[in-house]
Amino acid sequence: MSDRSRRRTIVCACCGQTAAHRGQGYCVACYTRWVYHGRPTSGAPKPGETPRKPPAKSTRVIPAFCQHGHRLAAKNLRFSPAGVRYCRACRYEAERAYADRQFAKRHKDHDVIPTIDGRRYCRTCNRGEHDIDDMAIDRTASGDRPDRVTAAELEAAVIQLRLYGLTYELIAARTGCSLRHAWSICKDNGLTRPRKERAA
914 MSDRSRRRTI
924 VCACCGQTAA
934 HRGQGYCVAC
944 YTRWVYHGRP
954 TSGAPKPGET
964 PRKPPAKSTR
974 VIPAFCQHGH
984 RLAAKNLRFS
994 PAGVRYCRAC
1004 RYEAERAYAD
1014 RQFAKRHKDH
1024 DVIPTIDGRR
1034 YCRTCNRGEH
1044 DIDDMAIDRT
1054 ASGDRPDRVT
1064 AAELEAAVIQ
1074 LRLYGLTYEL
1084 IAARTGCSLR
1094 HAWSICKDNG
1104 LTRPRKERAA
């Protein structure tokens, strides 16, 4: 049961309507209007007699620098939809730090290398080394390559066939990759012989 439903019904001394009593012989609306205008001794003003009070003008002083030392110029000063002032450089640094923490958490104990443009590249995730299917490696090495094979699975199959003594042509034919790709995988893993040893 609400508070207004428990009030007794009266004839308002201000507007003359029958409504719930709030105080001083006024209804809730008239009593609220009377308090809003400072409780004048002449009583509550009639509805529509007095204009609304103008909103108070607050003098907003914008500092020259933020708390981290960034200059709050036109390009760096921003306001949220709620009217809250914020520094664009500080928000960019906070978002960058959050992204760095998420990247470190997601790629913990992975092989992360820097790129030419300064970004970070996780070779473990891009090569699929965090999720290797042994069945896919065996099928690729036996010549029955699945429809989807990650780079790490293909590399493992090529290395396995090379350790068996197969030539690059046979490895490429079984795994379904090119001859140059099979040779480059073996070269990166130290399974190729120098030209002098082959000549000998």
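Mapped onto the numbering used here, the consecutive letters of the sequence shown carry residue numbers 914 to 1113. Glycine included, each C-beta is placed from N, C-alpha and C at the ideal position. Quick caveat: nothing in here was measured; it's all calculated off a predicted structure.
| Check | Outcome |
| --- | --- |
| Taking C-beta to C-beta, are Ala933 and Arg952 nearer than 9 Å? | no |
| Which ranges does the beta strand (DSSP E) cover as unbroken runs of at least 3 residues, wholly within the segment 1003-1050, from first to last along the chain? | 1025-1027, 1033-1035 |
| Leaving out the 5 sequence neighbours to the left and right, which residues in its chain are closer than 7 Å to Met914 when beta-carbon positions are compared? | Note that Met914 scores 48 on pLDDT, short of 50, meaning its location in the model is unreliable and no value can be drawn from it. |
| Locate the alpha helix (DSSP H) running through Leu1083, then write down its first and last residues. | 1081-1088 |
| Could you pull the DSSP bridge partners for Leu1067 from this structure? | None; Leu1067 has no bridge partner. |
| Relative to the alpha-carbon of Arg973, which residue among Gln980, Phe992, Gly982, Lys959 has its alpha-carbon at the smallest distance? | Phe992 |
| Mind checking whether Leu1074 and Leu1083 have CB atoms under 9 Å apart? | yes |
| Under three-state DSSP, which class holds Ile923? | strand |
| Using beta-carbon positions only, say whether Ala1007 and Asn989 come within less than 9 Å of one another. | no |
| Have a look at the DSSP bridge pairing and note the partners of Ala1054. | Paired residues: none, contrary to the question. |
| With burial defined as no fewer than 16 other Cβ atoms inside 10 Å of the residue's Cβ, what is the status of Gly982: buried or exposed? | exposed |
| Please confirm if the segment 1052-1063 is in contact with the segment 1084-1097, defined as three or more CB-CB distances below 8 Å between the two stretches. | yes |
| For Ala1070, collect the residues of the same chain with a Cβ closer than 6 Å to its Cβ; drop the 5 residues on either side in sequence, then sort them by chain order. | Ile1050, Thr1053, Ala1054, Thr1088 |
| Leaving out five residues before and five after Ala1095 in sequence, what residues of the same chain have Cβ atoms less than 6 Å from its Cβ? | Val1071, Tyr1081, Ile1084, Ala1085 |
| Ile975 to Arg984, Cα distance in whole Å? | 11 Å |
| In whole angstroms, give me the CA-to-CA distance for Cys979 and Gly996. | 16 Å |
| Leaving out five residues on either side along the sequence, give the residues of the same chain with a beta carbon under 8 Å from the beta carbon of Arg1093. | none |
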